[in-house]
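Novice:
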Amino acid sequence: LIYADDVILVGNEQETMQQMKNYLDREFSIKDLGTLKYFLGVEVARSSHGIFLSQGKYVLDILKETGMGMQGCRPSKFPMEQNCKLQASDDEQDTDVTRYRRLVGRLLYLTVTRPDITYAVNTLCQFVTTPKQRHMDAVERVLCYLKSTPGQGILLKSGAELRLEAYCDADWGGCPFTRRSCTGYMIMLGGSPISWRSKRQIVVAKSSAEAEYRAMAATVSEVIWLRWLLTELGASQQEATTMFCDNQAALHIAMNPVFHERMKHVEMDCYFVPERVQSGEIMPTKIWTKEQVADMFTKPLGKDRFESLLSKLGFANLHAPT
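Counting from 39, one number per residue, gives the positions in the sequence shown under our numbering.
(1) Taking the C-alpha atoms as reference points, what is the distance between D44 and L267?
(2) In terms of residue numbering, what span does the alpha helix (DSSP H) encompassing N160 cover?
(3) With DSSP as the reference, please indicate the residues paired to T354 in a beta bridge.
(4) Please report the distance separating the alpha-carbon of I155 from that of V142.
(5) If we call anything under 7 Å between Cβ atoms a contact, is V80 one with L98?
(6) Counting Cβ pairs closer than 8 Å, one from the region 202-210 and one from the region 267-287, do we hit at least three?
(7) Under three-state DSSP, which class holds R201?
(8) Could you compute how far the alpha carbon of Y61 sits from the alpha carbon of G72?
(9) By the three-class DSSP mapping on this structure, what secondary structure does D134 have?
(10) Could you spell out where the beta strand (DSSP E) holding K237 opens and where it closes?
(11) Could you check whether the region 211-228 touches the region 192-201, counting it as contact only if at least three pairs of C-beta atoms, one from each stretch, sit closer than 8 Å?
(12) Which whole-angstrom value is the C-beta distance of K170 and Q120, which I expect to be below 8 Å?
(13) Please return the same chain residues whose Cβ sits closer than 8 Å to the Cβ of K341, not counting the five positions on each side in sequence.
(14) Determine whether the beta carbon atoms of T136 and M174 lie at a separation below 7 Å.
(15) Given a cut-off of 7 Å on the beta-carbon distance, is the pair T411 and A243 in contact?
(16) Measure the Cβ-Cβ separation of P113 and P231 and say whether it is below 7 Å.
(17) Give me the Cβ distance between P338 and Y157, rounded to the nearest whole Å; I'm assuming they're in contact under 8 Å.
(18) Using C-beta distances below 7 Å, list every residue in its chain close to L348, excluding the 5 sequence neighbours before and after it, in chain order.
(19) Using 10 angstroms around the beta-carbon of D129, count the other beta-carbons present and answer buried if the total reaches 16, otherwise exposed.
(20) By the three-class DSSP mapping on this structure, what secondary structure does C283 have?
(21) Beta-carbon within less than 6 Å of G318's beta-carbon, same chain only, minus the 5 sequence neighbours each way: which residues are those?
(22) Tell me which same chain residues have a C-beta within less than 7 Å of the C-beta of A126, skipping the five on either side of it?
(23) Going by DSSP, name the residue or residues bridged to R84.
(24) DSSP on I262, reduced to helix/strand/coil?
(25) Counting along the chain, where does the alpha helix (DSSP H) carrying K185 start and finish?
(26) From the DSSP output, in three-state form, read off P322 for me.
(27) Determine whether the beta carbon atoms of I361 and L74 lie at a separation below 7 Å.
(28) In terms of residue numbering, what span does the alpha helix (DSSP H) encompassing M55 cover?
(29) One question on the structure: do T151 and I89 come within less than 7 Å of each other, judged by their Cβ atoms?
(30) Drop a sphere of 10 angstroms on the beta-carbon of M293, count the other beta-carbons inside from all chains shown, and report buried for 16 or more, exposed for fewer.
(31) Our contact map puts V241 next to A204 with C-beta atoms below 8 Å; I'd like the distance itself, whole angstroms only.
(32) If you reduce the DSSP assignment to three classes, tell me which class I40 lands in.
(33) I need the straight-line Cα distance from T54 to R64, nearest angstrom please.
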């Protein structure tokens, strides 16, 4: 992995890695910083359980910068109020636009290792043009949550089978002001999260099946790319990738190669997903809604539901008591 003049070398053979370092040193005169511990704001810790990725220092820097340190705010157990519905308005109190944009930008980078704030940050990004005080209040709510979980991150488990699994979901008509749905997906490799997304759909879905199917198509696109990437890295997927969905109608469309007249306005997706199913790359599978981890990327959740889904994602907290 190369970023500007920083290089990460990863491999199973020390001799081969040393040969590469010797070659680079002859060509560019490099400095060997040893075992990877910190890269682009991401902290890397190794243990017998695997590799732990977090941005604890980055979180503390944000809290310090905003004056919301240990004495500055009351910790929160989840990043956004369950019934929070933000909208653009000209009638509300203004806020510092520059500060809002800077904070949202920093939070956006934090989602690299923090899927738990992805939905909240995606929502806040929609108001960077003309933010109001209620939007800044929502930003500060996320900061209060981060204060209680600064060391939270992703554990890439050692010894796990490198098998892809995907979860996709949609909140049909979730935005009360535009009635556009929200797509959410989480993709796991060896039981660890590696790719996730929360995004407002660009058109209004006419049914829950359509909203879920659009989310399914977006998930399949990401899975296909990841399967190709893993093949390039020597970890090709020999079996179909299981894709979990809790909407029976969307699953039926995905598994049925016959075109549905009522879905002609999403014709491309109707052909795209079944094609990947028939090729043996994707296996759509039913999952109960309470087990659907992608739910956290489609709407703000209450404390119990939020913590329940986090426990299923392989999350870890570096600062949690043992």
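The beta carbon of each residue, even a glycine, is placed where N, CA and C say it ideally should be.
Specialist: On the basis of the data shown:
(1) If you number the sequence shown from 1, residue 44 lands on position 6. If you number the sequence shown from 1, residue 267 lands on position 229. Each residue's alpha carbon lies about 22 Å from the other.
(2) By one-based count along the sequence shown, residue 160 stands at place 122. Residues T156 to C163.
(3) Position 316 of the sequence shown, counted from the first residue, corresponds to residue 354. Correcting the residue identity first, residue 354 is Ala in this sequence and not Thr. A354 pairs with G191.
(4) On the sequence shown, position 117 is the one that residue 155 refers to. On the sequence shown, position 104 is the one that residue 142 refers to. So the two alpha carbons sit approximately 11 Å from each other.
(5) The sequence position of residue 80 within the sequence shown is 42, counting from 1. The sequence position of residue 98 within the sequence shown is 60, counting from 1. Taking the C-beta atoms as reference points, L98 is found no nearer than 7 Å to V80.
(6) yes
(7) For the purposes of this step, residue 201 is taken as residue 163 along the sequence shown, with counting starting at 1. DSSP places R201 in coil when its eight states are reduced to three.
(8) One-based indexing of the sequence shown puts residue 61 at position 23. One-based indexing of the sequence shown puts residue 72 at position 34. The alpha-carbon atoms of Y61 and G72 are separated by roughly 17 Å.
(9) By 1-based counting over the sequence shown, the position of residue 134 is 96. Three-state DSSP puts D134 in coil, outside helix and strand.
(10) Residue mapping note: residue 237 aligns to position 199 of the sequence shown, counting from 1. Its beta strand (DSSP E) spans residues S230 to R238.
(11) yes
(12) Within the sequence shown, the letter at position 132 stands for residue 170. Within the sequence shown, the letter at position 82 stands for residue 120. About 21 Å; that fails the 8 Å criterion.
(13) Taking the first residue of the sequence shown as 1, we reach residue 341 at position 303. Here the set comprises K115 and F116.
(14) Against the sequence shown, residue 136 aligns to sequence position 98. Against the sequence shown, residue 174 aligns to sequence position 136. No. Outside cutoff.
(15) The question about residue 411 has no answer here: the residues shown for the chain are numbered 39 through 360.
(16) As a working mapping, residue 113 is identified with position 75 in the sequence shown. As a working mapping, residue 231 is identified with position 193 in the sequence shown. Not in contact: P113 and P231 (Cβ atoms no closer than 7 Å).
(17) Taking the sequence shown and counting its residues from 1, one reaches residue 338 at position 300. Taking the sequence shown and counting its residues from 1, one reaches residue 157 at position 119. Rounded, the Cβ-Cβ distance is 7 Å, consistent with contact.
(18) Taking the first residue of the sequence shown as position 1, residue 348 is located at position 310. Around L348: D154.
(19) For the purposes of this step, residue 129 is taken as residue 91 along the sequence shown, with counting starting at 1. Counting Cβ neighbours within 10 Å, D129 comes out exposed, since fewer than 16 surround it.
(20) Position 245 of the sequence shown, counting from 1, holds the residue named residue 283. Looking at C283 - three-state DSSP - the assignment turns out to be strand.
(21) Your numbering for residue 318 matches position 280 in the sequence shown. These residues qualify, in order along the chain: A278.
(22) Mapped onto the sequence shown, residue 126 falls at position 88. So the qualifying residues of the chain are F165 and T168.
(23) Working through the sequence shown from its first residue, we reach residue 84 at position 46. R84 is bridged to I89.
(24) Taking the sequence shown and counting its residues from 1, the one referred to as residue 262 is at position 224. In this structure, I262 counts as helix in the three-state DSSP scheme.
(25) On the sequence shown, position 147 is the one that residue 185 refers to. Q171 to S186 is the extent of the alpha helix (DSSP H) around K185.
(26) In the sequence shown, the residue the question calls residue 322 occupies position 284. Note: P322 maps to strand in three-state DSSP.
(27) Look at the range of the chain in this structure, 39 to 360, and you will see that residue 361 is not part of it.
(28) Against the sequence shown, residue 55 aligns to sequence position 17. Run containing M55: Q52 to F66, per the alpha helix (DSSP H) assignment.
(29) Position 113 of the sequence shown, counted from the start, is the residue given in the question as residue 151. Position 51 of the sequence shown, counted from the start, is the residue given in the question as residue 89. No, they are not a contact pair.
(30) Numbered from its first residue, the sequence shown carries residue 293 at position 255. It is exposed - the Cβ of M293 has fewer than 16 other Cβ atoms within 10 Å.
(31) Within the sequence shown, residue 241 is the residue found at index 203, counting from 1. Within the sequence shown, residue 204 is the residue found at index 166, counting from 1. At roughly 23 Å, the Cβ-Cβ gap does not stay under 8 Å, so V241 and A204 are not in contact.
(32) Looking up residue 40 in the sequence shown gives position 2. In the structure shown, the three-state DSSP call for I40 is strand.
(33) For the purposes of this step, residue 54 is taken as residue 16 along the sequence shown, with counting starting at 1. For the purposes of this step, residue 64 is taken as residue 26 along the sequence shown, with counting starting at 1. The straight-line gap separating the alpha-carbon atoms of T54 and R64 is approximately 16 Å.
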